[in-house]
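Everything on this sheet refers to the single structure shown next.
Protein chains: 2
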Amino acid sequence: MSNRPTIADIAKRVGVSPGAVSFALNGRPGVSEQTRARILEVARDMNWRPHRAARALGGAQAGVVGLVLARDPRTLGSEQFYTQILYGMQDVLSARSSAVQMQLVRDTAAEIDLYRLWASEHRVDGVVLVDLQLDDPRIEVVRSLGLPAVTLGQPGEPGLLPSVWADDAEAMTTIVDYLAALDHRRIAHVAGPPIYQHVARRAAALHEQALVRGLRAGESVGTDFSDAQGAAATRALLSRADRPTAIVYDSDLMAAAGLAVALEMGIEVPRALSVVSFDDSVLTRIVHPALTCLSRDTYALGAQVASALLQAIADPSSREAIQTETPRLVVRGSTARPL
Amino acid sequence: MSNRPTIADIAKRVGVSPGAVSFALNGRPGVSEQTRARILEVARDMNWRPHRAARALGGAQAGVVGLVLARDPRTLGSEQFYTQILYGMQDVLSARSSAVQMQLVRDTAAEIDLYRLWASEHRVDGVVLVDLQLDDPRIEVVRSLGLPAVTLGQPGEPGLLPSVWADDAEAMTTIVDYLAALDHRRIAHVAGPPIYQHVARRAAALHEQALVRGLRAGESVGTDFSDAQGAAATRALLSRADRPTAIVYDSDLMAAAGLAVALEMGIEVPRALSVVSFDDSVLTRIVHPALTCLSRDTYALGAQVASALLQAIADPSSREAIQTETPRLVVRGSTARPL
DNA sequence: GTGGGGTACTAAAACGCTATAGAAGAGGTA
DNA sequence: TACCTCTTCTATAGCGTTTTAGTACCCCAC
Numbered sequence: 004m005s006n007r008p009t010i011a012d013i014a015k016r017v018g019v020s021p022g023a024v025s026f027a028l029n030g031r032p033g034v035s036e037q038t039r040a041r042i043l044e045v046a047r048d049m050n051w052r053p054h055r056a057a058r059a060l061g062g063a064q065a066g067v068v069g070l071v072l073a074r075d076p077r078t079l080g081s082e083q084f085y086t087q088i089l090y091g092m093q094d095v096l097s098a099r100s101s102a103v104q105m106q107l108v109r110d111t112a113a114e115i116d117l118y119r120l121w122a123s124e125h126r127v128d129g130v131v132l133v134d135l136q137l138d139d140p141r142i143e144v145v146r147s148l149g150l151p152a153v154t155l156g157q158p159g160e161p162g163l164l165p166s167v168w169a170d171d172a173e174a175m176t177t178i179v180d181y182l183a184a185l186d187h188r189r190i191a192h193v194a195g196p197p198i199y200q201h202v203a204r205r206a207a208a209l210h211e212q213a214l215v216r217g218l219r220a221g222e223s224v225g226t227d228f229s230d231a232q233g234a235a236a237t238r239a240l241l242s243r244a245d246r247p248t249a250i251v252y253d254s255d256l257m258a259a260a261g262l263a264v265a266l267e268m269g270i271e272v273p274r275a276l277s278v279v280s281f282d283d284s285v286l287t288r289i290v291h292p293a294l295t296c297l298s299r300d301t302y303a304l305g306a307q308v309a310s311a312l313l314q315a316i317a318d319p320s321s322r323e324a325i326q327t328e329t330p331r332l333v334v335r336g337s338t339a340r341p342l
Numbered sequence: 004m005s006n007r008p009t010i011a012d013i014a015k016r017v018g019v020s021p022g023a024v025s026f027a028l029n030g031r032p033g034v035s036e037q038t039r040a041r042i043l044e045v046a047r048d049m050n051w052r053p054h055r056a057a058r059a060l061g062g063a064q065a066g067v068v069g070l071v072l073a074r075d076p077r078t079l080g081s082e083q084f085y086t087q088i089l090y091g092m093q094d095v096l097s098a099r100s101s102a103v104q105m106q107l108v109r110d111t112a113a114e115i116d117l118y119r120l121w122a123s124e125h126r127v128d129g130v131v132l133v134d135l136q137l138d139d140p141r142i143e144v145v146r147s148l149g150l151p152a153v154t155l156g157q158p159g160e161p162g163l164l165p166s167v168w169a170d171d172a173e174a175m176t177t178i179v180d181y182l183a184a185l186d187h188r189r190i191a192h193v194a195g196p197p198i199y200q201h202v203a204r205r206a207a208a209l210h211e212q213a214l215v216r217g218l219r220a221g222e223s224v225g226t227d228f229s230d231a232q233g234a235a236a237t238r239a240l241l242s243r244a245d246r247p248t249a250i251v252y253d254s255d256l257m258a259a260a261g262l263a264v265a266l267e268m269g270i271e272v273p274r275a276l277s278v279v280s281f282d283d284s285v286l287t288r289i290v291h292p293a294l295t296c297l298s299r300d301t302y303a304l305g306a307q308v309a310s311a312l313l314q315a316i317a318d319p320s321s322r323e324a325i326q327t328e329t330p331r332l333v334v335r336g337s338t339a340r341p342l
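Chains as they are written, first to last, in the working numbering: chain A, 4 to 342; chain B, 4 to 342.
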């Protein structure tokens, strides 16, 4: 069953030493073109494949990068974004015959434990840090472990780790400008947990641009990103006397939940309430009305992350911050001029 | 940086041979309890962790199992189910210090290539086959590769591979009985691609039970599982003169898309049309009205799959078919007695 | 006090590959 | 002929672990 051919088998058959076969198979000098061709032919004939463990033992790379998502198992649901990221990463990595190992854990502490384990077992060559927090503890951990890493979403200024990011403050500004142009005066924001950097950035951008446009300073309500809290926050906002005429949601899941609440309360969307989602996925298109949202090419983003990570693995001192396309506003049926 | 301790380091410090350290760390006889305790203490002190590649080289397991999803990158969206499966699997596997490698590929051919690659590189110890097809080509491939595998969703009769399955024919029967009791006479089925075993089983069960209950024999419409085709199929069904009063969807994504179509056509749900989803996820709860659906503990299912796979790895001749809980019908707002 | 049988350990090989030092031979130059 | 260089290859060590065969020692029985 497991009599797969080794380099020694090939060497015996061709009549050269294992070292020569290794040279030939890895395309490095040390064998004549003639011998190389013979070796490659025999290798193909015997269906030889490198044994990764043997290579890794010699200090080579594991051929795996890690992506850890810290999620409460009960609030799964917003991971569509990461499925696409994963897809984009895999397409880049598989060209280098690497793979992504995605793991779901309960919280940041478990995530950090996993990085320690992975580093000590040489399981992965590098990791992607997502959902960055203010003063994120993971950054120091991966640095001290010597584990190459790239952050997804940490903006501009050269930080401690290389990063791939998009300007979501600018994106939020676009939303506010769009709503202001429609004559919305009261804009609310159903946000994620304030510990996340991107949540804080968006809230700040909303607030700031509301001031610029002379609107009622937009208020952000924190949630845990779950549909339940998104619904609850919406209900609270819409129950006020001076309720907002537009709500921006940090995720499409919460936006859809909020939309359902509005309908249930008899508040017509978009006539009495405009809804904007900061996130795009199939979800925004299947609810009715379809949601106006920010959209971007998540697959391409994943590909860029993978490239940056390969770069970080090759050159551990790299700290480059790669800015990607700013999410574009896609207008659908959920936004309109208020009554 | 990479000066992680090896067994030899521990041996030197304790003053024994590497072999003795290996015995001690793996809990096998050959060392006195006293020495064992000393070795374990030093190992903990030095923060030793096994080097997986070195172990794998000796023929041990890779500590990774594979889960491949064949999906067109554009029709991503129904993978919530698998995210939960993944979570359940990981919790079982991490107790055995194993992990899951999930990979998305374009089609079954690419999936098979991946199995060949994984087997030849010793990358995974086993794989889970999902989305089984009629006369599925993957089964013969993994068998010929000697790659331990478990199928998810292949029913009962001892097949060529061990399996974990649920009785979805029974579940469909429950749905038909429920709708018949509400006096629905015309039930349609927006199904997935007919090449899938579970799709065929459900369609057959619907047809059969419709006959039993004396209803108009329920018709199944095939789709590619995308929201677009789910919407199109719904539109076609609802445009007929004798349109159905209830539609059963094979996925929650299509059910939600179908719901939106009905609303858009001015067909009230549930008064003029009842909607049932064969799948549960957060999606069924955030649309309005919330969807009546079949629900099951997907996390637990993933855990069972992982256990079965570990079993299959330990005993490659195993062919056990483990039946899991039949999905339960959860009634929500999208179903009612027809007008 | 010799042999038998256990226990506690060591030495060395093996897993499959890569890397490095060096050997053998060809060819050129002085 | 002696010396050097270049190419092409071989031999060998090494990566970290497990496993096997073997050794040293002790205890006990005869």
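By construction, the Cβ of each residue, glycine as well, lies at the ideal position given by its N, Cα and C atoms.
These numbers come from a predicted model, not from an experiment.
Under the DSSP assignment, R331/A falls in the beta strand (DSSP E) whose first and last residues are 331-333.
With the rule of 3 Cβ pairs closer than 8 Å, the segment 112-123 of chain A does not count as touching the segment 331-340 of chain A.
Ranked by how close their Cα comes to the Cα of A122/B, the residues Q87/A, L312/A, P8/A have P8/A in first place. Here the segment 90-109 of chain B makes contact with the segment 286-306 of chain B; the two share three or more CB pairs at distances below 8 Å. Chain order gives no chain B residues near I190/A, where near means a beta carbon separation below 8 Å; the closest approach is about 22 Å.
One Cα belongs to T287/A, the other to L294/A, and the distance between them is close to 5 Å. Residues of the segment 88-103 of chain B that bring their beta carbon within less than 7 Å of a beta carbon in chain A comprise L89, Y90, Q93, A102, in sequence order. The contact set of R288/B on chain A, defined by CB atoms closer than 7 Å, consists of D230 in chain order. Looking at the DSSP output, Y199/A bridges to Q136/A. In this structure, DSSP gives V127/A a state outside helix and strand, which the three-state scheme calls coil.
Between I42/A and L60/A, the CB-CB gap reaches or exceeds 8 Å. Note that the segment 254-268 of chain B touches the segment 277-291 of chain B; at least 3 beta-carbon pairs, one per stretch, sit closer than 8 Å.
At a cut-off of 8 Å between beta-carbon atoms, Q106/B makes contact with chain A.
Judged by DSSP secondary structure, G305/B falls within the alpha helix (DSSP H) whose first and last residues are 301-317. By the beta-carbon neighbour count (other beta carbons within 10 angstroms, threshold 16), D110/A is exposed.
Residue-level contact check: S223/A does not touch chain B, since none of the beta carbons of chain B fall below 8 Å from its beta carbon. The continuous stretches of alpha helix (DSSP H) do not include Q64/A, and DSSP gives it neither H nor E. Pairing L155/B with V131/B gives a Cβ-Cβ distance under 8 Å. By the CB criterion at 8 Å, T338/B and P273/B fall inside the cutoff. Taking all protein chains in view, the Cβ of S242/B is surrounded by fewer than 16 other Cβ atoms within 10 Å, so the residue is classified as exposed.
By a beta-carbon distance limit of 8 Å, V193/A contacts Y252/A. Their separation comes to about 5 Å. The C-alpha of V167/A is placed about 36 Å away from the C-alpha of D300/B. Taken in chain order, the members of the segment 251-285 of chain B whose beta-carbon sits within less than 8 Å of a beta-carbon on chain A are L256, A259, A260, L262, A263, L266, E267, S284, V285. Not one beta carbon of chain B lies nearer than 8 Å to the beta carbon of Y118/A. In this chain, the alpha helix (DSSP H) harbouring I289/B covers 285-289. Membership of G221/A in any alpha helix (DSSP H) is not indicated; the residue belongs instead to the beta strand (DSSP E) covering 219-224. Excluding residues up to 5 positions away in sequence, D128 lie with their Cβ nearer than 6 Å to the Cβ of Q64/A in the same chain. In this structure, V153/A lies away from A317/A, with their beta-carbon atoms at least 8 Å apart.
Residue burial annotation: L342/B is exposed, with fewer than 16 other C-beta atoms found within 10 angstroms of its C-beta. For L107/B, the enclosing beta strand (DSSP E) covers residues 102-108. Looking at the DSSP output, V272/B shares a beta bridge with no other residue. A249/A and R99/A have their C-alpha atoms spaced approximately 46 Å apart. If you look at Q37/B, you'll find it in the alpha helix (DSSP H) that goes 36-49. Under the criterion of beta carbons closer than 8 Å, V103/A and V68/A qualify as touching, at roughly 6 Å. Secondary structure at V19/A: coil, using DSSP grouped into helix, strand and coil. At a cut-off of 8 Å between beta carbons, L164/A makes no contact with chain B.
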